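Engineer: Positions 9 to 345 (my numbering) are the ones given, in order, by the sequence shown. Positions of the beta carbon are idealized from the N, C-alpha and C atoms, including for glycine. These figures come from a predicted structure and were not determined experimentally. Please see the structure below; I have some questions.
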Amino acid sequence: MATLIVLVMVLLAIAAMALGATVGVPGAIKEPPRPKPKPALATAGVGVGVLLPEQMQQEAFFREQQRAAALRLQMPSVEPDDSPGMQMKVMTGILVSGLIILALGAYALWEPTREADAAQIQLHENVLRGAALFTTYCARCHGPTGTGLIGPNLHLQEFAARYKWNTSDPSDMAKMRTLVIQTITNGRPPTPMPAWGQENGGPFNETQISNLADLIMTNGWQYVVPAPGAATAAAPTPAPNAPPGQALMQKYGCGGCHTIDGVAGMTGTVGPNLTHVGSVPKIPESTGNLTNTPDNLAKWIFDAPAVKPGVIMPNFSQQGMSQDDAKQIAQYLETLK
Ligand code: HEC
Ligand code: HEC
Numbered sequence: 009m010a011t012l013i014v015l016v017m018v019l020l021a022i023a024a025m026a027l028g029a030t031v032g033v034p035g036a037i038k039e040p041p042r043p044k045p046k047p048a049l050a051t052a053g054v055g056v057g058v059l060l061p062e063q064m065q066q067e068a069f070f071r072e073q074q075r076a077a078a079l080r081l082q083m084p085s086v087e088p089d090d091s092p093g094m095q096m097k098v099m100t101g102i103l104v105s106g107l108i109i110l111a112l113g114a115y116a117l118w119e120p121t122r123e124a125d126a127a128q129i130q131l132h133e134n135v136l137r138g139a140a141l142f143t144t145y146c147a148r149c150h151g152p153t154g155t156g157l158i159g160p161n162l163h164l165q166e167f168a169a170r171y172k173w174n175t176s177d178p179s180d181m182a183k184m185r186t187l188v189i190q191t192i193t194n195g196r197p198p199t200p201m202p203a204w205g206q207e208n209g210g211p212f213n214e215t216q217i218s219n220l221a222d223l224i225m226t227n228g229w230q231y232v233v234p235a236p237g238a239a240t241a242a243a244p245t246p247a248p249n250a251p252p253g254q255a256l257m258q259k260y261g262c263g264g265c266h267t268i269d270g271v272a273g274m275t276g277t278v279g280p281n282l283t284h285v286g287s288v289p290k291i292p293e294s295t296g297n298l299t300n301t302p303d304n305l306a307k308w309i310f311d312a313p314a315v316k317p318g319v320i321m322p323n324f325s326q327q328g329m330s331q332d333d334a335k336q337i338a339q340y341l342e343t344l345k
């Protein structure tokens, strides 16, 4: 479309120039037909010794006429060529110039829309890329569609509300984007939010981080397709005869931080590997405060920070976990010898 318009404009411009060469350009003005000199006048009144008053008057009149004729010869004519052919050319010239102005105007109006459309398409592609990255890398902690799990809800309104930002204020949104980029790039030590930027040893370049920011800033969660495995990363479909405790762990997203070999979605590396947690003497092993009994384990699972203040394992009692859920999970974990 753009090339077409440009082509038309170039053609019109060429036509206008061709016409202009014969119409309005000063150098192209046709010389007017020269009036024939009147040689008889040159000798009028000469050859007679004495000039009568009438003769003198006549003489002066002729001289005046001669001078006027000579002057007319020197000056280019300013009289328009109003032959029908020339009128046609002038009209066409005006018409063509008009068309060019119209075409330029239309192009000027259309060009910004075209750019905006292109930017919109680009943004949409970026959001789709961000959505794919999210499913692969972030869903296990922020939930299959970003509504939060171990990590907070990343939907625009909820996110902005945490910082008291107004989503229709561009300056607030600029701050939010900066925070998002920084958080993804550098992580949030000592929270489980990892650093994803390549400069921090992570897997993502700036473009990928920007794509994720586009997803979050446009609130494009409808494009996030939970992958069969990852959807469930937060709450994987439990194996048909999986112990209830295992299904509960998948529901609460323990797999975002812990690995249990052979269990879907349990691949996290933030906390210790729980594949043989049943054989660990103390809970947590690193502090050795609690002996590893089903009751103590349930206490830990229910509210880890109460047992060990400052631990990044969340307080699940605040995430809707019941005492009974904690006990079932503990029972299951004790079987992992
Ligand atoms: C291992 C779990 C985990 C993974 C994986 C993870 N996050 Fe996070 N994320 C968190 C936690 C926990 C927080 C909250 C940190 C805090 O308390 O300040 C967080 C915070 C954030 C925040 C800031 C939210 C706010 O309110 O300030 C953003 C943005 C974010 N994560 C984006 C991502 C993106 C994008 C990915 C995928 C590339 C990702 N996270 C992967 C756990 C995770
Ligand atoms: C945000 C990350 C995170 C999440 C989510 C999380 N944990 Fe943990 N968990 C940890 C960390 C870190 C430790 C180690 C604490 C320490 O040693 O100081 C830990 C320790 C444990 C331990 C003790 C293991 C040992 O060997 O000492 C158990 C058991 C455990 N978690 C179970 C769970 C269960 C069950 C869930 C889900 C209901 C869960 N965790 C969710 C981070 C997490």
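Taking 7 Å as the limit between beta carbons, can you name the residues of its chain near W118, skipping five residues before and five after?
Structural biologist: Position 110 of the sequence shown, counted from the first residue, corresponds to residue 118. So no residue of the chain qualifies.
Engineer: Just list the residues that DSSP pairs I291 with in beta bridges.
Structural biologist: On the sequence shown, residue 291 is found 283 positions in, with the first residue counted as 1. Beta-bridge partners assigned by DSSP to I291: L298.
Engineer: Suppose the cutoff is 7 Å on Cβ atoms and the five residues either side in sequence are ignored; what does the same chain contact list for P8 look like?
Structural biologist: The displayed coordinates of the chain run from 9 to 345. Any statement about residue 8 would go beyond what the structure contains.
Engineer: Using 10 angstroms around the beta-carbon of A306, count the other beta-carbons present and answer buried if the total reaches 16, otherwise exposed.
Structural biologist: To locate residue 306, count along the sequence shown from 1; it is residue 298. A306 is buried by the Cβ-count criterion.
Engineer: In chain order, what residues of the same chain have a beta carbon less than 6 Å from the beta carbon of Q327, not counting five sequence neighbours either side?
Structural biologist: In the sequence shown, counting from the first residue as 1, residue 327 sits at position 319. Nothing meets the Cβ criterion.
Engineer: Does at least one heavy atom of ligand 2 sit under 7 Å from the Cβ of P200?
Structural biologist: For this step, residue 200 is matched to residue 192 along the sequence shown. For ligand 2, a non-hydrogen atom lies closer than 7 Å to the CB of P200.
Engineer: Within the chosen definition, does the segment 189–202 reach the segment 96–106 through at least 3 CB pairs nearer than 8 Å?
Structural biologist: no
Engineer: Considering only residues of the segment 140–196, which uninterrupted alpha helix (DSSP H) runs meet the minimum length of 4 residues and lie entirely inside it, listed in chain order?
Structural biologist: 147–150, 164–170, 178–194
Engineer: Quick check on the burial criterion: 16 or more other C-beta atoms within 10 angstroms. Buried or exposed for M96?
Structural biologist: Here the question's residue 96 lines up with position 88 in the sequence shown. Classification of M96: exposed, given that the 10 Å Cβ count is below 16.
Engineer: Give every residue of the same chain whose Cβ lies closer than 6 Å to the Cβ of R71, excluding the five residues on either side of it in the sequence, and list them in chain order.
Structural biologist: Numbered from 1 along the sequence shown, position 63 holds the residue referred to as residue 71. Excluding positions up to five away in sequence, the list is empty.
Engineer: What does the Cβ neighbour count give for I268, buried or exposed, with the cut at 16 atoms within 10 Å?
Structural biologist: For the purposes of this step, residue 268 is taken as the residue at position 260 of the sequence shown. Buried.
Engineer: With distances taken from CA atoms, which of T275, I217, G261, L298 is nearest T155?
Structural biologist: Stepping through the sequence shown from its first residue, residue 155 is reached at position 147. Of the candidates T275, I217, G261, L298, the one whose C-alpha sits nearest the C-alpha of T155 is G261.
Engineer: Across which residues does DSSP place G279 in a beta bridge pair?
Structural biologist: The sequence position of residue 279 within the sequence shown is 271, counting from 1. Bridge partners of G279: none, in fact.
Engineer: Kindly list the residues whose CB is nearer than 6 Å to the CB of M184, restricted to its own chain and excluding five residues on each side of it in sequence; keep chain order.
Structural biologist: As a working note, residue 184 is residue 176 in the sequence shown. Excluding positions up to five away in sequence, the list reads W173.
Engineer: Taking buried to mean at least 16 other C-beta atoms within 10 Å of its own C-beta, is Y171 buried or exposed?
Structural biologist: Numbered from its first residue, the sequence shown carries residue 171 at position 163. Of the other Cβ atoms in all chains shown, fewer than 16 fall within 10 Å of the Cβ of Y171; this residue is therefore exposed.
Engineer: Please go through the same chain and pick out, in chain order, the residues whose beta-carbon is closer than 6 Å to the beta-carbon of I210, but skip the five residues on each side of it.
Structural biologist: Position 202 of the sequence shown holds residue 210. One point to set straight first is that residue 210 is Gly, not Ile, in the sequence displayed. So the qualifying residues of the chain are A203, W204.
Engineer: Nearest CA to the CA of L157: which residue from M329, Q336, T215?
Structural biologist: Counted from its first residue, the sequence shown places residue 157 at position 149. The option with the nearest alpha carbon to L157 is M329.
Engineer: For N134, count the other beta carbons within 10 Å of its own beta carbon; 16 or more makes it buried, fewer makes it exposed. Which is it?
Structural biologist: Your numbering for residue 134 matches position 126 in the sequence shown. Burial call: buried.
Engineer: Is any non-hydrogen atom of ligand 2 found closer than 7 Å to the C-beta of Y348, if you look at the structure I gave you?
Structural biologist: No information on residue 348 is available, as it lies outside the stretch 9 to 345 that the chain covers here.
Engineer: Roughly how many angstroms lie between the CA atoms of D177 and A168, to the nearest whole one?
Structural biologist: For the purposes of this step, residue 177 is taken as residue 169 along the sequence shown, with counting starting at 1. For the purposes of this step, residue 168 is taken as residue 160 along the sequence shown, with counting starting at 1. Between the alpha carbons of D177 and A168 lies a gap of roughly 11 Å.
Engineer: If you measure from the CB of Y145, is any heavy atom of ligand 1 nearer than 7 Å?
Structural biologist: One-based indexing of the sequence shown puts residue 145 at position 137. For Y145, the shortest separation between its Cβ and any heavy atom of ligand 1 lies below 7 Å.
Engineer: Quick check on F69: buried or exposed, where buried means 16 or more other Cβ atoms within 10 Å of its Cβ?
Structural biologist: Taking the first residue of the sequence shown as position 1, residue 69 is located at position 61. Exposed, since its Cβ has fewer than 16 Cβ neighbours within 10 Å.
Engineer: Using the C-alpha atoms, what's the distance from T226 back to A182?
Structural biologist: Position 174 of the sequence shown, counted from the first residue, corresponds to residue 182. Position 218 of the sequence shown, counted from the first residue, corresponds to residue 226. When rounded, the distance between both Cα atoms is 12 Å.
Engineer: Are the beta-carbon atoms belonging to N323 and A312 less than 8 Å from one another?
Structural biologist: Here residue 323 refers to the residue found at position 315 when the sequence shown is read from its first residue. Here residue 312 refers to the residue found at position 304 when the sequence shown is read from its first residue. Yes, they are a contact pair.
Engineer: Is the closest heavy atom of ligand 1 to the C-beta of F324 under 7 Å?
Structural biologist: Start at 1 with the first residue of the sequence shown, and residue 324 comes out as number 316. No, Cβ of F324 sits at least 7 Å from all heavy atoms of ligand 1.
Engineer: Do Q339 and P302 have their CB atoms nearer than 8 Å?
Structural biologist: Locating residue 339 in the sequence shown gives position 331, where the first residue counts as 1. Locating residue 302 in the sequence shown gives position 294, where the first residue counts as 1. Yes, these two residues count as a Cβ contact at 8 Å.
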